[in-house]
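Notes follow once the structure below has been shown.
Protein chains: 2
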Amino acid sequence: MGVTKKNLFDNVQNELATVSKAFAHPARVAIVQHLLKTNACINGDLVAELGLAQATISQHLRELKDVGIIQGSIEGTSVSYCINPLRWEEIRNMLNQLFDQLPSSGDNCC
Amino acid sequence: MGVTKKNLFDNVQNELATVSKAFAHPARVAIVQHLLKTNACINGDLVAELGLAQATISQHLRELKDVGIIQGSIEGTSVSYCINPLRWEEIRNMLNQLFDQLPSSGDNCC
DNA sequence: TTTGTACATTGCAATATTACGATGAATGTT
DNA sequence: AACATTCATCGTAATATTGCAATGTACAAA
Numbered sequence: 015m016g017v018t019k020k021n022l023f024d025n026v027q028n029e030l031a032t033v034s035k036a037f038a039h040p041a042r043v044a045i046v047q048h049l050l051k052t053n054a055c056i057n058g059d060l061v062a063e064l065g066l067a068q069a070t071i072s073q074h075l076r077e078l079k080d081v082g083i084i085q086g087s088i089e090g091t092s093v094s095y096c097i098n099p100l101r102w103e104e105i106r107n108m109l110n111q112l113f114d115q116l117p118s119s120g121d122n123c124c
Numbered sequence: 015m016g017v018t019k020k021n022l023f024d025n026v027q028n029e030l031a032t033v034s035k036a037f038a039h040p041a042r043v044a045i046v047q048h049l050l051k052t053n054a055c056i057n058g059d060l061v062a063e064l065g066l067a068q069a070t071i072s073q074h075l076r077e078l079k080d081v082g083i084i085q086g087s088i089e090g091t092s093v094s095y096c097i098n099p100l101r102w103e104e105i106r107n108m109l110n111q112l113f114d115q116l117p118s119s120g121d122n123c124c
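In order, the protein sequence lines correspond to chains A and B. The letter at position 54 of the first sequence is residue 68 when you use our numbering, and the numbering goes up by one with no holes. The letter at position 41 of the second sequence is residue 55 when you use our numbering, and the numbering goes up by one with no holes.
Next comes the structure, spelled out in structure tokens:
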């Protein structure tokens with residue numbers, strides 16, 4: 015049905031899924047990478063950088079902002095975006111907590 | 015159009031997006047967590063554990079398998095799934111490489 | 001005020017995802 | 001052989017995502 019039954023799962027599971035979904039599109043990965051590289055927090059550049067329409071970029075930026083990964087501030091007539099370092103750290107920890115769970119002993123059950 | 019323009023992006027960006035998409039649903043997060051906890055690699059249990067139909071679970075398992083995160087082997091009449099440790103490490107490194115890029119100096123541009 | 005620039009939002013069309021019943025394939029049990 | 005169990009796949013309905021043109025909003029310059 016295309017509708018996710020979020021109520022069946024706990025907060026951690028839903029949070030991990032929500033955050034992952036933000037990274038689940040190459041354009042959004044590219045945006046984040048660009049913001050990491052040019053610490054300068056540009057926006058309009060993205061339209062030139064990636065080959066997507068302005069409306070599409072704006073939409074992706076909003077999704078990243080909704081999850082809290084990036085934040086923007088008005089800078090005259092343009093808008094300046096950058097990574098939200100606190101949230102970034104939060105997500106990093108969340109992912110580490112998941113990925114460090116593999117008992118690295120030789121577990122070849124399959 | 016619901017169609018992702020993958021050709022606009024490089025391999026790393028597409029890979030990160032593909033892997034993230036695998037984790038972009040709480041049921042798949044729950045499946046992975048369960049496989050991490052019960053190293054025993056069960057399958058039928060998941061249908062009881064999560065509140066989803068058997069066909070739905072099977073579909074999620076296939077998506078995780080397609081990305082290489084899990085692997086399954088036939089065990090009599092049932093199928094045994096588990097984490098693919100090599101791929102797991104690969105993904106962990108890929109994510110670390112992304113998340114370690116934040117220059118942790120006081121960068122409050124916005 | 002008019003014009004231009006930079007983004008956001010809206011409204012659509014195309015496609016993808018999620019969920020599940022029904023059915024199929026494979027194996028084990030009686 | 002006949003049946004049950006376990007899982008995969010197919011078909012379908014409901015919903016979500018992606019992309020963009022068009023339009024709206026806010027500000028700055030002429």
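The beta-carbon is built from N, C-alpha and C at its ideal position, and this holds for glycine as well. Predicted, not measured: the structure shown is a model, and the values here were computed from it.
Are any of the Cβ atoms in chain B nearer than 7 angstroms to that of residue 43(A)?
The residue labelled residue 43(A) in the question sits at position 29 within the first sequence. Interface residue, yes.
Within 7 angstroms of any Cβ in chain B, is that where the Cβ of residue 28(A) sits?
Here residue 28(A) corresponds to residue number 14 of the first sequence, with the count starting at 1. With 7 angstroms as the cut-off, residue 28(A) counts as an interface residue toward chain B.
Let's test the definition: count the other Cβ atoms within 10 Å of the Cβ of residue 85(A) and tell me whether it reaches 16, buried, or not, exposed.
Locating residue 85(A) in the first sequence gives position 71, where the first residue counts as 1. So residue 85(A) counts as buried.
Sub-7 angstroms separation of residue 78(B) and residue 36(B) beta-carbons:
On the second sequence, residue 78(B) is found 64 positions in, with the first residue counted as 1. On the second sequence, residue 36(B) is found 22 positions in, with the first residue counted as 1. The beta carbons of residue 78(B) and residue 36(B) sit closer together than 7 angstroms.
Tell me whether the segment 90–104 of chain B and the segment 56–63 of chain B touch, counting them as touching only if at least three CB pairs, one residue from each stretch, are closer than 8 angstroms.
The segment 56–63 of chain B and the segment 90–104 of chain B touch, with three or more beta-carbon pairs separated by less than 8 angstroms.
Is it buried or exposed for residue 76(A), if we count other Cβ within 10 angstroms and need 16 for buried?
Residue 76(A) sits at position 62 when you count from the first residue of the first sequence. Counting the other Cβ atoms within 10 Å of the Cβ of residue 76(A) gives fewer than 16, which makes it exposed.
Quick check on DSSP: helix, strand or coil for residue 83(B)?
The residue labelled residue 83(B) in the question sits at position 69 within the second sequence. In this structure, residue 83(B) counts as coil in the three-state DSSP scheme.
Local Cβ density within 10 Å of residue 38(A), reported as buried at 16 or more and exposed below that
Translated into the one-based positions of the first sequence, residue 38(A) becomes position 24. A residue is called buried when at least 16 other Cβ atoms come within 10 angstroms of its Cβ; residue 38(A) meets this threshold and is buried.
What residues in the segment 59–76 of chain B bring their beta carbon closer than 8 angstroms to a beta carbon of chain A?
Of all residues in the segment 59–76 of chain B, only 64, 65 and 66 come within less than 8 angstroms of chain A when Cβ atoms are compared, listed by chain position.
By alpha-carbon positions, which one of 114(B), 115(B), 116(B) and 108(B) ends up nearest to residue 27(B)?
To locate residue 27(B), count along the second sequence from 1; it is residue 13. Comparing C-alpha distances from residue 27(B) to each of 114(B), 115(B), 116(B) and 108(B) shows the shortest one belongs to 108(B).
Checking the sheet assignment: what are the DSSP bridge partners for residue 93(B)?
Reading the second sequence from its first residue, position 79 is the one you call residue 93(B). DSSP lists 88(B) as partners of residue 93(B).
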